[in-house]
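The sequence shown begins at 1 in the UniProt record's numbering and counts up by one.
Heads up: the structure comes next, in structure tokens.
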Amino acid sequence: MQTGDTGLNLIKAYEGFSASPRLDERRGAGNYIVGYGHISDSPAPQVSQREATNLLLKDVSPIETLLRDTVRTPLNQNEHDALVSFVFNIGADNFKRSTVLKRLNEGDKLGAAEAFERWTKARVDGKLMKLDGLVRRRAAEKSLFLMPTDAELVIPTSEVAPADECDGQVLAPSEVTHAPLVDFDSYRRDKGRSLTPEEIEGRMSALYAASHALMGDPSKMIIAKAEEREDIGVTVGAVMLVLLAVAFTLFSGVLALDAYAPDALQAVGLSPSLLQPVLVDLPLWMLSIGLGLTYFSVYIVAKRAARHSIKKARAKEVARVRGN
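Have a look at this one:
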């Protein structure tokens, strides 16, 4: 199975776009990041977003092969995309020994989804700490993993990679203690430099999304395609309703001018004789416009009701999965 647009957009949003290569402080000298989290051993030239997407496709290809070789449970598209984003962030070796893979191969998908949350810590000044950016990313991946296949999710997060999962049944204490150290001093030293327009836009988007992510349930940031279709229906119905209302107003205005100010009507190039066929069938014209207004009013109400039903069903499903 190949990674879908949802998975690619998820990775893009989290990694952010960098047109110019920058030194990867976490991996050290000789490693550069460019595009959407692509690692290069040389300071490559600048890349466009299209070139960065091609690099991302090459980067996820080994991950797709890894999932085919290691996961023995059938996956749907959303489960696959969530796992690709997860492995992209934590690395192939960590995934192979993770509880996520263990639970998947036991046929326990709910347990695998819960195990996403074990990967939310990194070392800060030598201490293993839970970071809100990693919490949001794991929550987004978990929500996508559990949602039906007509879901899309894009929530930016921080660039910090997680330490090994803190699960005593999987990792020995020595492995947890010696998790890779994230050098935050480099980020502090970097505060004085000028940001590129791409970096400013990426950080503002991440800040905006993060504030919303902390205020509510991550699953509420998923918009199903069925909901999107209902929203489009509401918009179309509203536009048609407005057009009919404008037509009715203009029609009434012409009739009013004909009755009370025929000279003004002739001034705009309309003679009373032109209105005679309309006046003969006036009841039919009024009925047609009235039926149109009624139809699109009912159409909008029906679409809103359908969207409400979809949201209600989704809330029940999330509650069921979480055991509430």
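Glycine is no exception: its CB is placed at the ideal position from the N, C-alpha and C atoms.
8 Å contact criterion, which residue i and residue j should meet: CB distance rounded
i: D81; j: L144; result: 6 Å
i: L104; j: A112; result: 5 Å
i: K96; j: T70; result: 6 Å
i: I289; j: G237; result: In fact, because the Cβ distance is near 16 Å, the residues do not count as touching under 8 Å.
i: L56; j: I11; result: 7 Å
i: L257; j: A247; result: The pair is not a contact, with the Cβ atoms about 16 Å apart (cut-off 8 Å).
i: V230; j: K316; result: Per the sequence shown, the amino acid found at residue 230 is Glu instead of Val. 18 Å between Cβ atoms; not a contact.
First and last residue of the uninterrupted alpha helix (DSSP H) at residue i
i: A92; result: 92-96
i: V100; result: 99-105
i: A113; result: 109-115
i: T6; result: 5-15
i: D69; result: 49-70
Own chain, CB closer than 7 Å to residue i, minus 5 neighbours either side, in chain order
i: residue 369; result: Examination of residue 369 is not possible in this model, given that the chain is present from 1 through 324 alone.
i: G4; result: Q77, D81
Sheet register partners of residue i (DSSP bridge)
i: M240; result: Note: M240 sits in no beta bridge, so no partner.
i: L128; result: R123
i: S42; result: S42 pairs with nothing; no bridge assigned.
Identity of the residue in the options nearest residue i by Cα
i: K109; options: L128, F86, K142; result: K142
i: E117; options: N105, R136, V124; result: R136
i: V100; options: L128, L67, E228; result: L67
i: I63; options: Q266, G290, G7; result: G7
i: I90; options: L57, G37, K127, N78; result: G37
i: E15; options: R123, I33, S309, M129; result: I33
i: F88; options: A115, V60, E79; result: V60
i: A140; options: N94, G126, E79, P45; result: E79
i: I232; options: R307, V254, Q276; result: R307
i: M240; options: P283, A302, S297; result: S297
i: M1; options: Q46, V84, L23, G253; result: V84
i: L279; options: Y295, F251, A267, L291; result: F251
i: E114; options: P283, F86, L282, Q276; result: F86
i: P45; options: Y295, P21, W285; result: P21
Spatial neighbours of residue i in its chain, beta-carbon cut-off 8 Å, leaving aside the 5 residues before and after
i: S48; result: A19
i: A245; result: L293
i: S309; result: none
Enclosing beta strand (DSSP E) for residue i [first to last residue]
i: L23; result: 18-23
i: G35; result: 32-35
Short CB-CB distance (under 7 Å) between residue i and chain B
i: G35; result: The structure shown contains no chain B; it holds only a single protein chain.
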